[in-house]
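Per our numbering, the sequence shown starts with residue 31, numbered consecutively.
Right, one structure below, let's go through it.
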Amino acid sequence: MADQIPLYPVRSAAAAAANRKRAAYYSAAGPRPGADRHSRYQLEDESAHLDEMPLMMSEEGFENEESDYHTLPRARIMQRKRGLEWFVCDGWKFLCTSCCGWLINICRRKKELKARTVWLGCPEKCEEKHPRNSIKNQKYNVFTFIPGVLYEQFKFFLNLYFLVISCSQFVPALKIGYLYTYWAPLGFVLAVTMTREAIDEFRRFQRDKEVNSQLYSKLTVRGSCFIRTDQLDGETDWKLKVAVSCTQRLPALGDLFSISAYVYAQKPQMDIHSFEGTFTREDSDPPIHESLSIENTLWASTIVASGTVIGVVIYTGKETRSVMNTSNPKNKVGLLDLELNRLTKALFLALVALSIVMVTLQGFVGPWYRNLFRFLLLFSYIIPISLRVNLDMGKAVYGWMMMKDENIPGTVVRTSTIPEELGRLVYLLTDKTGTLTQNEMIFKRLHLGTVSYGADTMDEIQSHVRDSYSQMQSQAGGNNTGSTPLRKAQSSAPKVRKSVSSRIHEAVKAIVLCHNVTPVYESRAGVTEETEFAEADQDFSDENRTYQASSPDEVALVQWTESVGLTLVSRDLTSMQLKTPSGQVLSFCILQLFPFTSESKRMGVIVRDESTAEITFYMKGADVAMSPIVQYNDWLEEECGNMAREGLRTLVVAKKALTEEQYQDFESRYTQAKLSMHDRSLKVAAVVESLEREMELLCLTGVEDQLQADVRPTLEMLRNAGIKIWMLTGDKLETATCIAKSSHLVSRTQDIHIFRQVTSRGEAHLELNAFRRKHDCALVISGDSLEVCLKYYEHEFVELACQCPAVVCCRCSPTQKARIVTLLQQHTGRRTCAIGDGGNDVSMIQAADCGIGIEGKEGKQASLAADFSITQFRHIGRLLMVHGRNSYKRSAALGQFVMHRGLIISTMQAVFSSVFYFASVPLYQGFLMVGYATIYTMFPVFSLVLDQDVKPEMAMLYPELYKDLTKGRSLSFKTFLIWVLISIYQGGILMYGALVLFESEFVHVVAISFTALILTELLMVALTVRTWHWLMVVAEFLSLGCYVSSLAFLNEYFGIGRVSFGAFLDVAFITTVTFLWKVSAITVVSCLPLYVLKYLRRKLSPPSYCKLAS
């Protein structure tokens, strides 16, 4: 029990007394189950407990049952707010979400999952309907599209505010302008948004249709096949699947539909590593019952790698394992959008405050509440409706630039709403297989203890193997019958130091025999005969041979033995055939096979040479498992370390010669252990271990899993950019650790802490304390241990893991990957990015703030479900450093400038109303207000999407610049306040300047102030630009030309109050020198101080990118 584990907390005297009371209680209770485990943990040095801080700080934690522990950390770190404070802060949002969730669950209640019986060839006997066999990545359907999109838009305060403002114009007492002044911009924004969502949704529909059109249609006769499960669990090894044995005895394929048989299967569940069911044939006497397990299943999203299969469909659509392990797609909202949403709320408060001030200065005369609402409408441009449409159009431009970048060909932007997220990432969670690696194993090193062979000396091994077998063949020609007595004599003779040639021969022979590889001969093009015809030919032609195995490492080893002259040409469940360099075929009988397991970390095989009757036990495995088994040596540990530092995956190969009597004794004990009904696995392991003693060490092999191109420099670039990298993989711990080293995810100077396997709260507590005492070391943890830690110590584990320079989580299920992403988001509040290439990465990609899919060998499923799709891992460097930076910087500048554009005209309206006795009369009406936000200033403002502060080459060369982006300084309350002050200053100068300088021509104040306003906006764009583009210059002059033209064609709008004041634009007046120099003077006063301040700031306190550029 966890309560037995001493926690040694630092507490007050009262707490110490409570501890003593508990200790007395436990001692009185006597020993309990688990005491032996407790004693094992107390073997640690007692001094280590002095620096051991408690992970569970709450006193009440020790009084609860173990099942309640997982609720305590969250309760501790999230102190609940009570009463009004809770409701104002988060309560209203929580209540609304809960109510909506309750209604959705009522309307879309899930069907209860049940076990099912499926009859062969008799669909009419099916008792209930099952889901359609299709996948769906779409967010909406025909009926939910419009409501869904409108909800997603109006949940933003900005759009909801303008909807209310636009609706208010239907009330005559509140109307202050034309309806199109408000409804046209809002309608345009909604139209753009709906069009973009419709295009994205149609693309998802097309991708789903493409995937759903791929079906299985293969047959088999052999009774077994190999499948690839990389899309499901990330493992690329080929797994052997076995057919139901009684169906293999049917004469013809069509007989499957003539028998009366059915499959009973358990209800659908998420576990991809287990299955329980039965196959029953009723028309035989007696009825046949066969148990079904995971070995008899082919899950959806797996690939038939070899052989042909006919099966009965048990689970379809959303009840398949792959779909149940995939989360539903969600609408992702960028951090920049959330920040702008908060700023618009602040602007709304300023709007309300300004309106109240105006009504107060009026003295609350007459219907003051109506005046208050009219002021709210007059100043409504403080919150610009064009903000969203400008940002959405900018996002589309950023996506287009990414897809057109020649340096990252094949990039596809599938979610066009979050390109700025690429510039704010702190955590990158990456898959291993197919993402960091190519999943192509290459044999690199063979070490015999005294001599080592690398890639450049493999020809020497080939020569030794050829000489060895030619010598053996010549000896066998003269002595065929005496080999067995000779072998027995040799076994009792004293040890003689073997030659290098003999040792190489034995090592290569051991490698080619000790494995689980099957050679397959594919039919030639145009041949349509059945499989057994191709195999019956037995020509063993090299060009048709491919290898299947439960591990890509084993395939690499067997391919290497073929390259040096000893070839595996045939294998079934009981025998193997090898071909020597001279073409002779050697036959071996497989007596026993001990498969690799995560616990044993080794595999073995007992074979009999049919030509000599020699029985040999071969074994290979990890160095930690093999070191105690092999005979004493002084080189194994050192050479394993050397190879591991080179990033090679090492295997130790050993053998042991057995006499016939030794094997018969072993076989009887092994068979008896396998028939045991109690502790079967332990007894079987004990019998096998009786053979694993004093084995002869043959060699050490080194295999390299080839990394994707430029993985190492890309990971180094991301680390320098301040991005923490976590590797989440479904692969084995040893493999994941090796790749972490070879890819330099973990640098050579860093230590690696491998988190021990834990199954209880107490074990997790001690292991976490042991881990906390280590500094600057990478963490490697398995999925099972991770589950235990998250159950009891979620907050503490995430806090410790986030301090690591790198984290590797192995044996992770798809659901666990998504949960880790969610935990990082919740506990750190930082932006996360997930990248992968397999179907098992889809949940992780969809859960992350930014999902990137790689279109590679594992298919397109991850690529299609991702927000961004790339073709190589190295492209992520430019995607983040260049495009992520530009997207964030440009959107921040564009958003703040659009808000400045609304603030400055609202300031002018406030000054105008103040001068005219706080009257709620608009300064500019009709087309002027619409034109101000569109043709007069839109092109120059929108041209900011072409601006860049750093050249792409500089951003790639100095990834440290990326760190500043994660701090969010480009768009913050500080920068927002600066723009507010600029807007107030410029708005005041423009309006007061127009009133003072044109006192004698007061009737022309609208034309005067509006002209100065347009010129100021054009100059402010020029002030904001950091790198000029020719389109920016065109936009400036185009807007200026549009405004000058409108002065002549739309002169009726440029009078105070339009026709009611009887004021029209005097064309002769605006062409006078007086008009021109006074407008120029107002514009210069509003802009020149800002230019001076910008120049001084660049000189005295330049930003980091300016220092690099200079």
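Ideal Cβ positions, reconstructed from N, Cα and C, are used throughout, including at glycine.
Backbone secondary structure at residue i - three-state DSSP
{"i": "residue 236", "result": "helix"}
{"i": "residue 469", "result": "strand"}
{"i": "residue 608", "result": "strand"}
{"i": "residue 367", "result": "helix"}
{"i": "residue 480", "result": "coil"}
{"i": "residue 1090", "result": "With a pLDDT of 34 at residue 1090, under the threshold of 50, the modelled position of this residue cannot be trusted, and the question is left open."}
{"i": "residue 721", "result": "coil"}
{"i": "residue 936", "result": "helix"}
{"i": "residue 686", "result": "strand"}
{"i": "residue 662", "result": "coil"}
{"i": "residue 1060", "result": "helix"}
{"i": "residue 781", "result": "strand"}
{"i": "residue 309", "result": "strand"}
{"i": "residue 999", "result": "coil"}
{"i": "residue 282", "result": "coil"}
{"i": "residue 842", "result": "coil"}
{"i": "residue 726", "result": "strand"}
{"i": "residue 142", "result": "coil"}
{"i": "residue 864", "result": "strand"}
Distance between residue j and residue i (C-alpha atoms, nearest Å)
{"i": "residue 817", "j": "residue 299", "result": "18 Å"}
{"i": "residue 325", "j": "residue 478", "result": "38 Å"}
{"i": "residue 176", "j": "residue 225", "result": "11 Å"}
{"i": "residue 487", "j": "residue 773", "result": "25 Å"}
{"i": "residue 220", "j": "residue 183", "result": "8 Å"}
{"i": "residue 667", "j": "residue 626", "result": "21 Å"}
{"i": "residue 924", "j": "residue 1008", "result": "15 Å"}
{"i": "residue 196", "j": "residue 959", "result": "14 Å"}
{"i": "residue 361", "j": "residue 315", "result": "58 Å"}
{"i": "residue 1141", "j": "residue 1013", "result": "Any answer about residue 1141 is impossible in this case: the structure gives the chain only from 31 up to 1140."}
{"i": "residue 1123", "j": "residue 1011", "result": "14 Å"}
{"i": "residue 388", "j": "residue 945", "result": "12 Å"}
{"i": "residue 953", "j": "residue 831", "result": "59 Å"}
{"i": "residue 734", "j": "residue 468", "result": "11 Å"}
{"i": "residue 321", "j": "residue 822", "result": "37 Å"}
{"i": "residue 905", "j": "residue 745", "result": "11 Å"}
{"i": "residue 291", "j": "residue 352", "result": "27 Å"}
{"i": "residue 854", "j": "residue 860", "result": "7 Å"}
{"i": "residue 778", "j": "residue 771", "result": "7 Å"}
Proximity below 7 Å, CB of residue i to CB of residue j
{"i": "residue 409", "j": "residue 936", "result": "yes"}
{"i": "residue 441", "j": "residue 433", "result": "yes"}
{"i": "residue 898", "j": "residue 875", "result": "no"}
{"i": "residue 549", "j": "residue 575", "result": "yes"}
{"i": "residue 422", "j": "residue 585", "result": "no"}
{"i": "residue 459", "j": "residue 910", "result": "no"}
{"i": "residue 863", "j": "residue 840", "result": "no"}
{"i": "residue 476", "j": "residue 842", "result": "no"}
{"i": "residue 1069", "j": "residue 988", "result": "no"}
{"i": "residue 892", "j": "residue 848", "result": "no"}
Counterpart residues of residue i in DSSP-defined beta bridges
{"i": "residue 681", "result": "731"}
{"i": "residue 617", "result": "607"}
{"i": "residue 578", "result": "548"}
{"i": "residue 756", "result": "459, 837"}
{"i": "residue 637", "result": "620, 646"}
{"i": "residue 812", "result": "840"}
{"i": "residue 149", "result": "292"}
Closer than 8 Å is the cut-off here; do at least three beta carbon pairs connect the segment 416–425 with the segment 435–442? The segment 416–425 is not in contact with the segment 435–442.
So, does the segment 592–607 touch the segment 531–542, judging by three or more C-beta pairs under 8 Å? Yes, the segment 592–607 is in contact with the segment 531–542.
Flag this pair as touching only if the segment 720–728 and the segment 678–686 have three or more C-beta atom pairs under 8 Å; answer yes or no. Yes: at least three Cβ pairs fall under 8 Å.
On the three-pair Cβ rule with 8 Å, is the segment 274–290 touching the segment 304–311? Taking a cut-off of 8 Å for Cβ pairs, the segment 274–290 and the segment 304–311 touch, as three or more such pairs fall below it.
Taking one C-beta from the segment 1101–1117 and one from the segment 1042–1061 each time, how about it: are there three or more such pairs within less than 8 Å? Yes: at least three Cβ pairs fall under 8 Å.
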